[in-house]
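Chains as they are written, first to last, in UniProt numbering: chain A, 1 to 211; chain B, 1 to 211; chain C, 1 to 211. Notes follow the structure.
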Amino acid sequence: MIGPNPEVARTVQQIIEFVGTFTFAISGIRMAAAKHFDWFGGFVCGFVVAIGGGTIRDVMLGATPFWMTSTIYVICSVIALLVYILFAKSLNRLENVWLIFDTLGLALFTIAGIQKTLQFDYPFWVAIVMGCITGAAGGIIRDVLLNKEPIVFQKDIYAMASVAGGLVYWLMMTLGINVGLTAIATFLVICIIRFVAVKFHISLPTLRNEQ
Amino acid sequence: MIGPNPEVARTVQQIIEFVGTFTFAISGIRMAAAKHFDWFGGFVCGFVVAIGGGTIRDVMLGATPFWMTSTIYVICSVIALLVYILFAKSLNRLENVWLIFDTLGLALFTIAGIQKTLQFDYPFWVAIVMGCITGAAGGIIRDVLLNKEPIVFQKDIYAMASVAGGLVYWLMMTLGINVGLTAIATFLVICIIRFVAVKFHISLPTLRNEQ
Amino acid sequence: MIGPNPEVARTVQQIIEFVGTFTFAISGIRMAAAKHFDWFGGFVCGFVVAIGGGTIRDVMLGATPFWMTSTIYVICSVIALLVYILFAKSLNRLENVWLIFDTLGLALFTIAGIQKTLQFDYPFWVAIVMGCITGAAGGIIRDVLLNKEPIVFQKDIYAMASVAGGLVYWLMMTLGINVGLTAIATFLVICIIRFVAVKFHISLPTLRNEQ
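Next up, the structure:
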């Protein structure tokens with residue numbers, strides 16, 4: 001279903017999940033630091049951003065949560081914590097780098113979520129929803145734990161970039177295009193939409209609240 | 001288990017879930033608007049109120065979340081969003097209508113939750129708890145996402161109306177009464193308890209906090 | 001896997017879960033009272049602290065949530081609510097007693113979480129994470145429902161005591177020591193670490209937030 005060579009697709013998916021884990025964990029730890037959480041709180045916030053969306057997806061798919069099948073996700077979050085503790089000062093100067101990290105994570109997790117859902121034989125619309133949950137739900141849980149309104153509901157184009165990427169994935173697979181090309185195109189579409197939206201301050205309209 | 005004709009029971013359950021989805025989605029979108037969320041935030045809040053309780057129920061029952069088996073729930077939430085965007089001003093004038101919508105949703109979801117749990121051969125006390133979760137948990141998640149204390153913990157009779165309805169359902173089924181009649185009686189009991197409680201400002205006692 | 005006599009291990013595990021349920025429920029109800037929640041809100045907060053961590057564990061393990069298999073957990077939470085309603089004034093004077101209750105619950109739930117995870121044939125590192133989730137996640141959900149930043153992320157040694165206990169459990173089982181002795185040692189290690197940390201105001205370092 002997802003391409004001619006399942007081995008390659010599987011390896012690509014694992015690399016995608018590892019890079020995404022690190023970038024998302026750093027984003028969670030950084031926000032925990034702004035709330036003066038301790039090291040454990042930082043680890044949990046980082047870990048939850050990294051694995052929260054995928055865990056919700058896996059529980060809904062009836063699969064064992066992916067992070068329970070390999071130590072790599074816990075280790076990766078611990079490394080992210082150590083990197084932050086050692087280099088917080090330098091890291092926090094790189095505002096644009098964080099935006100890039102966060103966007104890469106969104107794109108990578110969206111693709112991983114779509115591919116895993118398709119492997120479980122769900123229809124494509126479920127895969128697009130699951131791609132969006134995999135990419136964006138971790139950040140929502142993070143904001144809930146930090147006692148803030150989820151930023152994804154208020155600013156920028158974020159989750160909608162994931163949905164747009166999902167539609168591209170669906171369109172290209174429907175047209176019979178190779179899964180590698182499809183993943184790359186999806187990745188680029190998500191990144192470009194998000195970067196353009198941030199650069200030009202494009203947001204979704206706010207709901208009116210006329211009483 | 002739930003009546004002489006499983007086909008009819010199934011159809012009734014589907015209609016119930018559809019009407020409940022729309023009414024609950026509108027309630028979530030309306031609260032998201034009060035927090036100035038964007039369209040995506042409004043959709044998520046509406047969708048979460050509509051499917052949150054049932055999803056927790058299904059995950060606990062070991063079933064595939066119901067909204068993943070039919071596009072109707074996503075579509076219904078999108079329609080609710082569009083209706084809100086187009087008619088917010090008129091809609092917000094109808095304070096009493098919202099109370100009615102919300103109460104209908106509570107009653108319908110409670111019954112749907114009880115029936116599904118019984119179909120999975122759990123004992124009745126689990127079904128009553130699941131009915132309450134199906135009816136009330138979506139609103140709790142909504143309040144958590146909106147960064148508010150869950151209103152269901154502080155005001156009016158809400159979840160207890162669901163529990164009372166569950167007890168009526170149990171009593172009538174135990175007495176061998178027809179499932180259709182049982183569902184209607186449960187529906188009426190929940191609605192009447194809630195309307196009476198709101199009308200006469202009846203609340204559960206508040207916990208004392210004497211130090 | 002967890003000892004020579006599975007019957008004994010099972011009974012010990014059930015007693016552990018019951019005592020833990022009561023102590024954790026009281027802690028949740030007490031915090032709900034401080035927020036002026038009503039009786040239903042108090043029950044839910046108590047119930048969620050008591051069963052939240054174990055429920056997340058069971059859903060991730062692919063098991064039926066433990067509280068759905070016996071009425072004892074719901075009944076135990078109702079009793080905790082009644083005890084609080086009747087004796088709130090006296091109970092709130094006993095500050096040190098609450099610390100002890102909370103620590104007992106943490107230790108008992110950690111052990112229950114580790115043992116259940118091992119019964120499902122997961123590796124030991126998953127069991128340690130699940131022990132920590134079983135012990136600490138209920139309190140995190142409680143704080144989220146109360147609209148507060150989770151206290152476990154900011155103060156004292158709490159979750160890390162659970163992790164340390166998990167490591168002791170793993171070490172002793174690896175060395176072939178009897179499961180009863182292992183459980184007792186784990187219990188003592190968690191309690192001692194927590195009491196010492198509270199007594200001497202030992203906390204994990206806070207994350208730096210240098211911009």
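Just so it is clear, CB atoms sit at the ideal spot from N, CA and C, and this is done for glycine as well. All values derive from a computational prediction rather than experimental measurement.
{"Item": "Between the C-alpha atoms of G3 of chain B and Y84 of chain C, what's the straight-line distance to the nearest angstrom?", "Value": "Only weak support exists for where G3 of chain B lies, its pLDDT of 49 falling under 50; the coordinates are left without a value."}
{"Item": "What residue ranges within the stretch 159-186 of chain B form continuous alpha helix (DSSP H) runs of no fewer than 4 residues, ordered along the chain?", "Value": "159-174"}
{"Item": "Any beta-carbon of chain C closer than 8 Å to the one on P150 of chain A?", "Value": "no"}
{"Item": "Give the single residue among C:I72, C:I177 and C:I190 whose Cα lies nearest to the Cα of V163 of chain C.", "Value": "C:I190"}
{"Item": "Would you mind reading off the limits of the alpha helix (DSSP H) that contains L145 of chain C?", "Value": "F124 to L145"}
{"Item": "Buried or exposed for M1 of chain A, going by 16 or more other Cβ atoms inside 10 Å?", "Value": "Low local confidence applies: a pLDDT of 43 at M1 of chain A is under 50, so the model's placement there is unreliable, and no value is given."}
{"Item": "Out of curiosity, what's the CA-to-CA distance linking I111 of chain B and G166 of chain B?", "Value": "8 Å"}
{"Item": "Residues of chain C with a CB under 9 Å from the CB of F37 of chain A: which are they?", "Value": "E149, P150, F153, Q154, T206 and L207"}
{"Item": "Which residues in chain A have a C-beta closer than 9 Å to the C-beta of V196 of chain C? List them in chain order.", "Value": "Within chain A, no residue comes near V196 of chain C; the closest Cβ sits about 17 Å away, beyond 9 Å."}
{"Item": "Interface residues of chain A around G42 of chain B at Cβ under 7 Å?", "Value": "L207"}
{"Item": "Check whether the stretch 33-53 of chain B touches the stretch 42-62 of chain A, taking contact to mean three or more Cβ pairs, one atom from each stretch, closer than 8 Å.", "Value": "no"}
{"Item": "Is the beta carbon of A107 of chain C less than 8 Å from the beta carbon of I157 of chain C?", "Value": "no"}
{"Item": "Kindly say whether T21 of chain B, judged by its beta-carbon, lies nearer than 8 Å to any beta-carbon of chain A.", "Value": "no"}
{"Item": "Quick one: grab the DSSP three-state call for S203 of chain A.", "Value": "coil"}
{"Item": "Any C-beta of chain C sitting closer than 8 Å to the C-beta of H201 of chain B?", "Value": "no"}
{"Item": "Can you find a C-beta in chain A that's less than 8 Å from the C-beta of W125 of chain C?", "Value": "yes"}
{"Item": "Should G135 of chain C be flagged as near chain A, meaning a C-beta pair shorter than 8 Å?", "Value": "no"}
{"Item": "Using C-beta distances below 8 Å, list every residue in its chain close to I128 of chain C, excluding the 5 sequence neighbours before and after it, in chain order.", "Value": "I114, V163, G166, L167, Y169 and W170"}
{"Item": "For T71 of chain B, return the contacting residues in chain A, with the cut-off set at a CB-CB distance below 7 Å.", "Value": "W125"}
{"Item": "So, does the CB of L99 of chain C fall closer than 8 Å to a CB anywhere in chain B?", "Value": "no"}
{"Item": "Around the C-beta of L181 of chain B, are 16 or more other C-beta atoms found within 10 angstroms, so that it is buried, or is it exposed?", "Value": "exposed"}
{"Item": "Use the C-beta contact count for V179 of chain A: other C-beta atoms within 10 angstroms, 16 or more gives buried, fewer gives exposed.", "Value": "buried"}
{"Item": "State the start and end residues of the unbroken alpha helix (DSSP H) segment that holds I115 of chain A.", "Value": "Going by the sequence as given, residue 115 of chain A is Gln instead of Ile. Q115 of chain A -> alpha helix (DSSP H) spans E95 to Q119."}
{"Item": "By alpha-carbon positions, which one of A:S27, A:H36, A:R30 and A:N209 ends up nearest to E149 of chain C?", "Value": "A:H36"}
{"Item": "Strictly by DSSP, which residues pair up with D38 of chain C?", "Value": "B:T206"}
{"Item": "For a contact defined as C-beta to C-beta under 7 Å, what are the partners of A159 of chain A on chain B?", "Value": "F40"}
{"Item": "Using a Cβ-Cβ cutoff of 7 Å, what residues of the stretch 44-70 of chain B are near chain C? List them in chain order.", "Value": "V59, M60 and G62"}
{"Item": "Measuring CB atoms only, is the stretch 88-106 of chain B touching the stretch 15-24 of chain B, in the sense that at least three cross pairs come out at less than 8 Å?", "Value": "yes"}
{"Item": "For I192 of chain C, which residues from the same chain have a beta carbon less than 8 Å from its beta carbon, with the 5 sequence-adjacent residues on both sides left out?", "Value": "none"}
{"Item": "Against chain B, with Cβ distances strictly below 8 Å, would Y122 of chain A count as a contact?", "Value": "yes"}
{"Item": "Using a Cβ-Cβ cut-off of 8 Å, state whether V168 of chain B counts as contacting chain C.", "Value": "no"}
{"Item": "Which bits of chain B does V144 of chain A rub up against, with CB to CB less than 9 Å?", "Value": "V144, L145 and N147"}
{"Item": "Leaving out five residues on either side along the sequence, give the residues of the same chain with a beta carbon under 7 Å from the beta carbon of A80 of chain C.", "Value": "F22, A25, I26, I29 and G46"}
{"Item": "Identify the contact partners of A34 of chain B in chain A, using a Cβ-Cβ distance below 7 Å as the criterion.", "Value": "N209"}
{"Item": "Under the assumption that N209 of chain B contacts A34 of chain C (Cβ atoms under 8 Å), give the Cβ distance between them as a whole number of angstroms.", "Value": "5 Å"}
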